[in-house]
Amino acid sequence: MTDAPESNEEQVLQAALHWHAATSRVDCDWTAFTEWLEAHPTHRLAYDDVVLLNEVIARHRAVLRRSDAPPISHRRLWWAAAAAVLLLVATALFVSDIPLPFAAPPSRDYLAQGSSSLIGLADGSHVLLAPGSRLRVSGRHRDRLELLGAAYFDIVHDPDRSLVLNAGGLVVRDIGTRFEVFGSGHMAKVAVEEGVVSVGVLGQDAGTRVPAGHRLLAFGTPRVAEYASIGADDVAGWRSGRLVFRNEPLSLVAGQISLYAGMPVSVDPAIAARRFSGVLVIGDGSELVARLGEIMDLAVQHQGASLRLAAVGAEQPGR
Amino acid sequence: VDPRISSTDDAKERLQMEFEGSGGLLALFEEHRDGIARFLRARTRSPAEVQDVVQEMWLRLRESRLGPVTSPRAYLYQMANHLVLDRERERRRRLLRDTNWTQQSYTVVPTAEGEWQALDAGPLPDDSVADVEERRRLLAAMATLPEKARRALILHKIDELSHTEVASRMGISRSAVEKHMSAAMRHLRTVMCTCGEQDSAASLATDRDDT
Chain E
2 MTDAPESNEE QVLQAALHWH AATSRVDCDW TAFTEWLEAH PTHRLAYDDV VLLNEVIARH
62 RAVLRRSDAP PISHRRLWWA AAAAVLLLVA TALFVSDIPL PFAAPPSRDY LAQGSSSLIG
122 LADGSHVLLA PGSRLRVSGR HRDRLELLGA AYFDIVHDPD RSLVLNAGGL VVRDIGTRFE
182 VFGSGHMAKV AVEEGVVSVG VLGQDAGTRV PAGHRLLAFG TPRVAEYASI GADDVAGWRS
242 GRLVFRNEPL SLVAGQISLY AGMPVSVDPA IAARRFSGVL VIGDGSELVA RLGEIMDLAV
302 QHQGASLRLA AVGAEQPGR
Chain X
2 VDPRISSTDD AKERLQMEFE GSGGLLALFE EHRDGIARFL RARTRSPAEV QDVVQEMWLR
62 LRESRLGPVT SPRAYLYQMA NHLVLDRERE RRRRLLRDTN WTQQSYTVVP TAEGEWQALD
122 AGPLPDDSVA DVEERRRLLA AMATLPEKAR RALILHKIDE LSHTEVASRM GISRSAVEKH
182 MSAAMRHLRT VMCTCGEQDS AASLATDRDD T
């Protein structure tokens, strides 16, 4: 072998760490990475070790983080402080909704624009937020969520806490599973890929169990819920650039499509209950509404910055 | 045809057309084949593995029902890289299964701060034996890290802070954080990846791909 002995293992590992970060980005220079790998046979071993060690750490992140809690003495101090402001908090609750200094930490809003965005929750769980969607994360453990739009959830099992998600007037509770949720106004869709979630109506305690391979739709006025089995590939198809619909009412289909179309898409109430089954390729999103219109033989009406689907020949409101 | 999908013939025809779009990726793969093969040679140092991965990529791309991809070249390289990692992961899992880790004992060393004493949290309801064992090894490895390297590792990898945030939290420079991180990796590697290294050494000895 002609390769010079690699003198500094840590230097190689530092480069490997750099390449680990770089190779997960779209703008990675793969030629430069190839050259680095070619430079010495130990480089690929360092890269493998770094990537796989990172995976090991990520797998146990939730447990490691939990045991990192402050020691008892600090906790007592915290409780003392909390007790001291209890009166203030109680008063403030009655007086107004001014921000409470010792209440839950402030919520955080995430907005996915143009492309989907990956959001880490506190315990190693992840949310992939679909384009055009908004997620609000709050709670001391970042486990109170509010969704407008679509997202795919990969929640790590943790017996000590339950994630609560509000979307489209529904409450989804989960202890560790993978599922997709779409919510907007009073419409919602919950599709479960793995595990089981509990879906209830906002303001009520009882929930319906939705297990893997099933989906629950909520739509219409008065609102109805509909439960059916789905294929494994149907869950959050937008992750691979397509939207899969199985017998979904047009109102829900339009709501989901509007995320990618980049503008509100409404449906004439006269046809809102019609059903659509099929797969739509998202592309850049601009063709989705026209395509759905063609397939369903519907007219696409332009109303300022929004689109409306109606039966062909139906009168356009406001004209 | 899936009876549950009741799309019109028109729609089916259209979908068929859309899915033929993946032919574009396959054509692109042919175009970048030499570069990807060179990458795979450097990545695996095994001609047999290069062939296997190229073959698998071709099959996957042919079956792919993917819509338009933003940057196809990056997608192809990432795919190649992931396939290599999948194989490596599986190889290590096999090695680990063959090594009876449960016979080895690990002691979690408590530090002055005592922060790691509580760490051996015991099995979780969904844990497999392998999970528990892996965690115990990770904890043992982390407990024996030098103080600053451990702190940098926890802030960056467990609390998921950026290098800059870790630097300001620890009151050191970014490059110092990077040094701590590589020191931490070297230590974890020595403790955790021993079986991988033995095997890697073996594969280096049989490296037929240097010229």
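Just so you know, the protein sequences line up as chains E and X, in that order. Take 2 as the starting number for the first sequence in the numbering used here and just add one per residue. Take 2 as the starting number for the second sequence in the numbering used here and just add one per residue. Glycine included, every Cβ here is placed at the ideal spot set by N, Cα and C.
Range of the contiguous beta strand (DSSP E) that encloses residue i
i	result
E/D49	Here E/D49 belongs to no beta strand (DSSP E); instead the alpha helix (DSSP H) covers 42 to 60.
X/L189	Here X/L189 belongs to no beta strand (DSSP E); instead the alpha helix (DSSP H) covers 175 to 193.
E/G196	Per DSSP, E/G196 belongs to no beta strand (DSSP E) and is neither H nor E.
E/D110	109 to 112
E/I120	118 to 121
E/S230	225 to 230
E/A311	307 to 312
X/L62	Unbroken run through X/L62 is the alpha helix (DSSP H), 48 to 64; no beta strand (DSSP E).
E/L130	127 to 130
Between the CA atoms of residue j and residue i - distance to the nearest angstrom
i	j	result
E/L54	X/V192	11 angstroms
E/L310	E/A226	23 angstroms
E/P270	E/V138	33 angstroms
E/E10	X/R187	7 angstroms
X/A38	E/S230	42 angstroms
E/S134	E/L281	19 angstroms
E/G196	E/L65	23 angstroms
E/L136	E/Y111	5 angstroms
E/W239	X/E161	27 angstroms
E/V236	E/A192	6 angstroms
E/M264	E/S117	16 angstroms
X/Y107	E/G284	Low confidence applies to X/Y107: its pLDDT is 37, below 50, so where it sits in the model is not reliable enough to give any reading.
X/I1	X/K149	Outside the shown range of chain X (2 to 212) lies residue 1 of chain X, about which nothing can therefore be said.
X/L154	E/L46	21 angstroms
X/R190	E/G184	44 angstroms
E/A233	E/N248	16 angstroms
E/A255	E/L146	24 angstroms
E/L171	E/S259	20 angstroms
E/G279	E/R292	11 angstroms
E/P250	E/G294	14 angstroms
E/G305	E/S199	39 angstroms
X/A49	E/Q12	30 angstroms
E/D42	E/I156	For clarity, residue 42 of chain E is Pro in the given sequence; the question names Asp instead. C-alpha separation (whole angstroms): 38 angstroms.
E/A168	E/L148	5 angstroms
E/M297	E/G208	34 angstroms
X/Y78	E/W31	7 angstroms
X/A177	E/A213	46 angstroms
CB contact below 8 angstroms: residue i versus chain X
i	result
E/R109	no
E/T178	no
E/E10	yes
E/H41	no
E/T35	yes
E/Q304	no
E/R275	no
E/L14	yes
N-terminal and C-terminal residue of the alpha helix (DSSP H) that residue i is part of
i	result
X/E166	164 to 171
E/A168	First-last for E/A168: 164 to 168, but that is the beta strand (DSSP E), not the alpha helix (DSSP H).
E/I296	289 to 297
E/L217	Note, E/L217: premise wrong, no alpha helix (DSSP H); beta strand (DSSP E) at 215 to 220.
E/H19	10 to 24
X/R151	148 to 154
CB contact check: residue i to chain E, cutoff 8 angstroms
i	result
X/E50	no
X/S72	yes
X/T103	Interpretation of X/T103 is limited by its pLDDT of 41, a score under 50 that renders its predicted location unreliable; the figure taken from the coordinates is listed afterwards. So, not an interface residue.
X/L27	no
X/S183	yes
X/R44	yes
X/L205	The pLDDT assigned to X/L205 is 39, lower than 50, so where the model puts this residue is not dependable, and the model offers no usable value.
X/M193	yes
Chain-ordered chain C contacts of residue i [CB-CB under 7 angstroms]
i	result
X/R88	The chain inventory of the structure shown lacks chain C, comprising the protein chains E and X.
Cross-strand partners of residue i (DSSP beta bridge)
i	result
E/E147	E/R137, E/N167
E/D175	E/L164, E/V198
E/T209	E/V200
E/G279	E/F246
E/V182	E/A152, E/V191
E/S259	According to DSSP, which records beta bridges pairwise, E/S259 is partnered with nothing at all.
E/A300	E/A311
E/S267	E/R309
Near the ligand ZN: residue i beta-carbon under 7 angstroms from a heavy atom
i	result
X/L140	Among the components modelled here there is no ligand, and therefore nothing to report on the ligand ZN.
Members of the region 147 to 160 of chain X that neighbour chain E once the beta carbon cut-off is set at 9 angstroms: L154, I155, K158, I159, D160
Where the region 47 to 65 of chain E meets chain X: residues whose CB sits under 9 angstroms from a CB there: A47, Y48, D49, D50, V51, V52, L53, L54, N55, E56, V57, I58, A59, R60, H61, R62, A63, V64, L65
Residues within the region 120 to 146 of chain E neighbouring chain X, beta-carbon criterion of under 7 angstroms: G121
Contacting positions in the region 19 to 33 of chain E - beta carbon closer than 7 angstroms to chain X: T24, V27, C29, W31
Positions along the region 160 to 189 of chain E whose CB lies within less than 8 angstroms of some CB in chain X: P160, G177
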